[in-house]
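Q:
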């Protein structure tokens, strides 16, 4: 009811106005409508389009990196799928001896390696761990590193586990 009364009041107000005034109001209403459509629909689309055009080179570079990483992953997965020989005490002892690392205790059982070194250069120990990670797929399960009084020297207790495919 109220809506009909409002519509009737607007119609009567419109008809009371002069023709020139109605044309001006119609023109203003049309400009307002076109402005709202432009501000809500067209301008954001144009702005987003220009932003997208600016970001295309970066997106292409990211896509190239992702393709490269995917190729590296597939190559890595092939090497991981290949079997690794089970770890042996002799292998551990020989690689430690090559780096002049003397263990106080060493045990190798199944895929677990435990050993203790009382004095070793920290860098030497880390290089050996990295080598074992590459060669025998040994990962550190637990490690306790204690700094000694000599610079760069540590005492280490390590538990390693072999990751098999």
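In the numbering used here, the protein residues as written are 94 to 258. Where a beta carbon is used, it is the ideal one built from N, C-alpha and C, also for glycine. Every value quoted in this text rests on a predicted model; they were computed, and no experiment measured them.
Could you tell me the distance, in whole angstroms, from the CA atom of residue 217 to the CA atom of residue 234?
A: Approximately 19 Å, taken between the alpha carbons.
Q: Can you look up residue 254 in the DSSP assignment and give me helix, strand or coil?
A: Strand.
Q: Kindly confirm or deny that the stretch 246-254 and the stretch 211-226 touch, where touching means at least three C-beta pairs closer than 8 Å.
A: Yes, since at least three Cβ pairs between the stretch 246-254 and the stretch 211-226 fall closer than 8 Å, the two stretches touch.
Q: Taking DSSP as the reference, what is the three-state secondary structure of residue 235?
A: The answer is strand: DSSP assigns residue 235 an E or B state.
Q: Just confirm the distance between the C-beta atoms of residue 188 and residue 224, as a whole number of angstroms; I'd bet it's less than 8 Å.
A: So it is a contact: roughly 7 Å between Cβ atoms.
Q: Tell me, which residues are paired with residue 77 by DSSP?
A: For residue 77 there is no data in the structure shown, the boundaries of the chain being 94 and 258.
Q: Figure out for me which residue from 162, 206, 169 and 102 has the closest Cα to the Cα of residue 182.
A: Residue 206 is the option with its Cα nearest to residue 182.
Q: Our contact map puts residue 255 next to residue 222 with C-beta atoms below 8 Å; I'd like the distance itself, whole angstroms only.
A: At roughly 13 Å, the Cβ-Cβ gap does not stay under 8 Å, so residue 255 and residue 222 are not in contact.
Q: By alpha-carbon positions, which one of 215, 219 and 237 ends up nearest to residue 244?
A: Closest by alpha carbon: 215.
Q: Spatial neighbours of residue 220 within its chain, please: C-beta separation below 8 Å, excluding the five flanking residues on both sides.
A: So the list reads 192, once near-sequence residues are dropped.
Q: At a Cβ threshold of 9 Å, is residue 183 touching chain D?
A: Absent from the structure is chain D; it holds one protein chain and no more.
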